[in-house]
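Novice:
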Amino acid sequence: DQQVKQNSPSLSVQEGRISILNCDYTNSMFDYFLWYKKYPAEGPTFLISISSIKDKNEDGRFTVFLNKSAKHLSLHIVPSQPGDSAVYFCAASEGGATNKLIFGTGTLLAVQP
Amino acid sequence: GAVVSQHPSWVICKSGTSVKIECRSLDFQATTMFWYRQFPKQSLMLMATSNEGSKATYEQGVEKDKFLINHASLTLSTLTVTSAHPEDSSFYICSANSGQFGQYFGPGTRLTVT
Chain A
1 DQQVKQNSPS LSVQEGRISI LNCDYTNSMF DYFLWYKKYP AEGPTFLISI
51 SSIKDKNEDG RFTVFLNKSA KHLSLHIVPS QPGDSAVYFC AASEGGATNK
101 LIFGTGTLLA VQP
Chain B
114 GAVVSQHPSW VICKSGTSVK IECRSLDFQA TTMFWYRQFP KQSLMLMATS
164 NEGSKATYEQ GVEKDKFLIN HASLTLSTLT VTSAHPEDSS FYICSANSGQ
214 FGQYFGPGTR LTVT
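Residue numbers (my numbering), protein chains in the order written: chain A, 1 to 113; chain B, 114 to 227.
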């Protein structure tokens with residue numbers, strides 16, 4: 001049973017435009033959510049996180065939105081750059097960032113120059 | 114930032130042999146480390162939680178006798194794949210818990226069993 005899902009396996013965006021990556025979860029006990037960027041044969045790189053007590057967190061070009069009632073979160077990247085091209089995973093945990101993470105299925109983002 | 118290393122980065126072994134993968138936190142102590150595996154074009158699946166000085170906690174469906182985890186010190190956890198088979202070929206990634214700053218991931222180890 002996939003508790004964290006990313007329904008779009010891929011997304012293509014023009015450079016300079018906004019990239020929106022979506023993530024849905026089913027476990028209402030999740031209280032901390034993270035986004036990671038990953039290249040093949042490398043470990044994930046942390047991008048941004050959000051606690052369930054918030055509905056928005058912003059860090060530079062990256063903003064994460066959380067809609068608890070819908071069990072949905074999204075990552076906005078503005079403006080998108082070719083270097084952003086990678087696979088993006090959302091992850092969720094119960095009890096904060098130091099607990100085990102359940103990863104989503106990933107979305108391959110391609111930013112076209 | 115905190116650094117987590119894995120060794121080896123790539124290993125090929127013959128079916129039936131055992132392989133050990135090391136995960137080290139280089140500049141911080143980690144009482145808890147996690148082991149994940151990723152098949153091609155799939156998600157990262159949590160295998161087990163490794164706690165320093167105690168037995169690892171395995172996720173449902175992960176054979177603890179096949180994937181031996183030892184967390185002997187605050188900076189080192191090892192994953193041993195025993196009697197490896199081709200279906201164990203995968204990308205294995207560890208993460209180390211740095212406390213309030215969350216988890217840091219290693220670069221991963223690609224295991225190919227022939």
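We put the beta carbon where it would ideally sit given N, CA and C, even for glycine.
Would a check of beta-carbon distances place B:Phe180 closer than 8 Å to chain A?
Specialist: No, because no Cβ of chain A sits closer than 8 Å to the Cβ of B:Phe180.
Novice: So, A:Leu66 versus A:Phe103, is the Cβ gap smaller than 8 Å?
Specialist: Taking 8 Å as the Cβ cut-off, A:Leu66 and A:Phe103 do not qualify as a contacting pair.
Novice: Hey, how far is the Cα of B:Gln173 from the Cα of A:Asp1?
Specialist: B:Gln173 and A:Asp1: Cα-Cα distance of roughly 12 Å.
Novice: Is the beta carbon of A:Thr105 sitting closer than 8 Å to the one on B:Gln216?
Specialist: No, the Cβ-Cβ distance between A:Thr105 and B:Gln216 is not below 8 Å.
Novice: What residues in the segment 201-222 of chain B have a beta carbon less than 9 Å from any beta carbon of chain A?
Specialist: Correct list: Phe204, Ile206, Cys207, Ser208, Asn210, Ser211, Gly212, Gln213, Phe214, Gly215, Gln216, Tyr217, Phe218, Gly219, Pro220, Gly221.
Novice: So what's A:Glu58 in DSSP terms, helix, strand or just coil?
Specialist: Three-state DSSP puts A:Glu58 in a strand.
Novice: Looking at the C-beta of A:Glu94, does it have a partner C-beta in chain B at a distance below 8 Å?
Specialist: With 8 Å as the cut-off, A:Glu94 does not count as an interface residue toward chain B.
Novice: Contact criterion: CB-CB distance below 8 Å. Does B:Ser156 meet it with respect to chain A?
Specialist: Closer than 8 Å: yes.
Novice: Does DSSP put A:Asp24 in a helix, a strand or coil?
Specialist: Residue state, collapsed to three classes: strand.
Novice: Could you check what DSSP says for B:Glu200 in three-state terms: helix, strand or coil?
Specialist: Here B:Glu200 sits in helix by DSSP.
Novice: Counting contacts by CB-CB distance shorter than 8 Å, is B:Thr162 in contact with chain A?
Specialist: Closer than 8 Å: yes.
Novice: How big is the Cα-Cα spacing for B:Lys168 and A:Lys68?
Specialist: So the alpha carbons of these two residues sit roughly 35 Å apart.
Novice: For A:Ser12 versus A:Gln112, is the C-beta distance shorter than 8 Å?
Specialist: Closer than 8 Å, so yes.
Novice: Taking A:Val87 as part of the beta strand (DSSP E), name the residues at either end of that continuous run.
Specialist: Unbroken beta strand (DSSP E) run through A:Val87: 86-93.
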